[in-house]
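Chemist:
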Amino acid sequence: TSRLGYLPQPGTVVSWNNLRFTVMEADERRVGTVEIERRKEGAPAAAR
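Residue -5 is where the sequence shown starts when you use the working numbering, and the numbers rise one by one after that.
#1: Which residues bound the beta strand (DSSP E) around S9?
#2: Report the rounded CA-to-CA distance for I4 versus K34, giving the unit in angstroms.
#3: What's the gap between the Cα of E22 and the Cα of T6?
#4: Quickly, what does DSSP pair R32 with across the bridge? List them, please.
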């Protein structure tokens, strides 16, 4: 929450550097499971 400003819900996707984080499980207090995908270096910003 400190970086996003809110608690992400399932389905929320956040990109940072060459990583893509997808929240898979969460409740009203915490994120339970996150899928992390490494993007190829130099991928267009729209694909991140």
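No residue lacks a Cβ here, since even glycine has one placed at the ideal position from N, Cα and C.
Modeler: Result, derived from the coordinates:
#1: Residues 7 to 10.
#2: According to the sequence displayed, residue 4 carries Pro and not Ile. Counting only the Cα atoms, K34 lies some 24 Å from P4.
#3: If I take the Cα positions, the gap works out to 14 Å.
#4: Beta-bridge annotation (DSSP): R32 is paired with L13.
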